[in-house]
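The working numbering numbers the first residue of the sequence shown as 10 and each following residue consecutively. Glycine included, every Cβ here is placed at the ideal spot set by N, Cα and C. Report on one structure; see the data block that follows.
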Amino acid sequence: MNQLGFPSAVSAQELAREKTLGGAIGLCIKAAGYEPKEAIDKLKMDKAQWSRWESGTEGVIWPKFEALMDFCGNDAPLLWMLAARGYDLSSLRRQETETERKLREATEELQQLKAEREVERRLFRDLRLAA
């Protein structure tokens, strides 16, 4: 998944209040701080198609669905569908991207080096005091 928009959190409680996929699509936009018109323009669609999405009378093809979530920076419609199918949203987690993995590994290495340096400093301090 490509979170291209600024990440915007959507809680399980907010999702539970939505009764339809169209409502979850609206929540996706609202949580990102956008108006539907901004998403319509970004996704290059017309108002009638948007209206059919919200009312549930037209299915959403995956590329546009993914583009909507990327634009909004949240996965509200996808999470709503999972919850509607009985999945436990609290047990879901995203896979770590290559960039996130590299950052985590570098952070862990840095913490290890800092801890080792602190041990060395204490050792030298104790040696100086003992001399």
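Judged by DSSP secondary structure, residue 121 falls within the alpha helix (DSSP H) whose first and last residues are 107–139. Note on residue 71: under 16 other CB atoms within 10 angstroms of its CB, so exposed under the neighbour-count rule.
Residue 101: not part of any alpha helix (DSSP H); DSSP gives it neither H nor E.
Between residue 25 and the set 108, 96, 17 and 45, the nearest pair of CA atoms involves 96. Assigned with DSSP and collapsed to three states, residue 54 falls in coil, not helix or strand.
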